[in-house]
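**Q**
Okay, structure coming up:
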């Protein structure tokens with residue numbers, strides 16, 4: 087499978103039940119390729135957009151603003167709504183943050199969050215605006231944060247992270263924190279205790295501050311950050327299917 091194919095957006099028109107899947111920062115729709123195949127077999131309509139600045143050149147991401155990612159997510163939701171009566175949003179990392187932003191502004195049936203971002207694990211991120219004039223990128227020495235070595239080798243993401251992009255990511259996090267009380271949709275969260283990118287307290291904070299009555303956190307113990315590609319992905323798919331089925335019944 088070539089890199090270009092792994093970066094292509096995915097759209098499948100099937101039933102009136104739809105899934106919008108939003109990938110993470112520096113990643114591509116490939117993060118959800120395995121998920122899309124399984125849910126396609128269950129006759130869901132699917133949309134996995136390629137968010138602005140991703141999948142081509144890291145230079146593109148350096149010049150993006152957080153609200154452009156939200157516009158892409160919103161447009162994908164509106165397109166899926168043209169063919170679906172019921173839509174669930176699944177988001178990974180930054181995609182999870184965007185899913186919450188959507189749920190706070192628009193009607194969705196439910197939200198499934200995989201290591202959603204609000205707090206970065208790395209210390210010192212508050213100094214990024216000061217160093218951005220002098221440092222353009224951080225290198226990803228070990229690739230994506232995936233425990234499964236085979237999956238890590240196959241994953242597609244930029245091999246470096248633009249400092250300005252991380253600043254925009256933190257702005258998105260700050261904005262969405264204010265949105266959380268407006269999230270009433272049923273919410274299922276997954277987070278690993280060994281996530282090296284997003285602090286586990288992000289999911290705890292989300293759980294405590296959303297207004298959803300139907301909400302649950304599942305803590306994973308054999309994965310790192312990119313949960314849709316890691317060792318416990320089948321657990322996530324199984325629990326997600328059960329969550330959706332309960333809401334649609």
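Numbering (the numbering used here), first residue to last: 87 to 335.
For every residue, glycine included, the Cβ atom is placed at its ideal position computed from N, Cα and C.
At which residue ranges does the region 276-317 contain complete beta strand (DSSP E) runs of 3 or more residues, listed in the order of the chain?
**A** 301-306
**Q** Quick check on the DSSP output: what are the complete alpha helix (DSSP H) runs of length 4 or more inside the region 112-178, in order along the chain?
**A** 119-127, 144-148, 152-167
**Q** Under DSSP, the alpha helix (DSSP H) around residue 262 begins and ends at which residues?
**A** For the purposes of this step, residue 262 is identified with residue 176 of the chain shown, where counting begins at 1. Per DSSP, residue 262 belongs to the alpha helix (DSSP H) from 249-265.
**Q** Start and end of the beta strand (DSSP E) containing residue 196?
**A** Against the chain shown, residue 196 aligns to sequence position 110. Segment 196-200, the beta strand (DSSP E) holding residue 196.
**Q** Using a Cβ-Cβ cut-off of 7 Å (strictly less than) and excluding sequence neighbours within five positions of residue 170, which residues of its own chain qualify?
**A** The residue given as residue 170 occupies position 84 in the chain shown. Counting only Cβ-Cβ distances below 7 Å, and skipping sequence neighbours, we find 102, 103, 104, 131.
**Q** Could you tell me which of 332, 180, 306, 331 sits nearest to residue 320, measuring between CA atoms?
**A** As a position in the chain shown, residue 320 is number 234, starting the count at 1. Out of 332, 180, 306, 331, 306 has the C-alpha closest to the C-alpha of residue 320.
**Q** Would you identify the three-state DSSP class for residue 207, choosing helix, strand or coil?
**A** Translated into the one-based positions of the chain shown, residue 207 becomes position 121. DSSP places residue 207 in coil when its eight states are reduced to three.
**Q** State whether the region 232-246 contacts the region 256-269, with contact taken as three or more CB pairs (one from each stretch) at a distance under 8 Å.
**A** Judged by Cβ distances under 8 Å, the region 232-246 makes no contact with the region 256-269, as fewer than three pairs qualify.
**Q** Please go through the same chain and pick out, in chain order, the residues whose beta-carbon is closer than 7 Å to the beta-carbon of residue 335, but skip the five residues on each side of it.
**A** What you label residue 335 is simply residue 249 of the chain shown in a count that begins at 1. Excluding positions up to five away in sequence, the list is empty.
**Q** Would you call the CB atoms of residue 201 and residue 182 closer than 8 Å?
**A** As a first step, residue 201 is located in the chain shown; it is residue number 115 there, counting from the start. As a first step, residue 182 is located in the chain shown; it is residue number 96 there, counting from the start. Contact flag set, yes.
**Q** On the DSSP bridge list, what partners appear for residue 103?
**A** One-based indexing of the chain shown puts residue 103 at position 17. The partner list for residue 103 (beta bridge, DSSP) reads 172.
**Q** What is the residue span of the beta strand (DSSP E) that residue 323 lies within?
**A** Residue 323 sits at position 237 when you count from the first residue of the chain shown. Premise fails: residue 323 lies in the alpha helix (DSSP H), 319-334, not in any beta strand (DSSP E).
**Q** By the three-class DSSP mapping on this structure, what secondary structure does residue 232 have?
**A** As a position in the chain shown, residue 232 is number 146, starting the count at 1. Note: residue 232 maps to coil in three-state DSSP.
**Q** Within the same chain, show all residues whose beta-carbon is closer than 7 Å to that of residue 298, passing over the 5 residues directly before and after it, in chain order.
**A** As a first step, residue 298 must be located in the chain shown, where it is residue number 212. Residues of the same chain with a CB within less than 7 Å of the CB of residue 298, apart from the 5 flanking positions on each side, are 269, 270, 271, 272, 273 in chain order.
**Q** Express the C-alpha separation of residue 253 and residue 277 in angstroms, rounding to a whole number.
**A** For the purposes of this step, residue 277 is taken as residue 191 along the chain shown, with counting starting at 1. For the purposes of this step, residue 253 is taken as residue 167 along the chain shown, with counting starting at 1. Each residue's alpha carbon lies about 23 Å from the other.
**Q** What residue does the beta strand (DSSP E) around residue 225 start on, and which one ends it?
**A** The residue you call residue 225 lines up with position 139 of the chain shown. Following the DSSP letters along the chain, one finds residue 225 inside the beta strand (DSSP E) bounded by residues 223-225.
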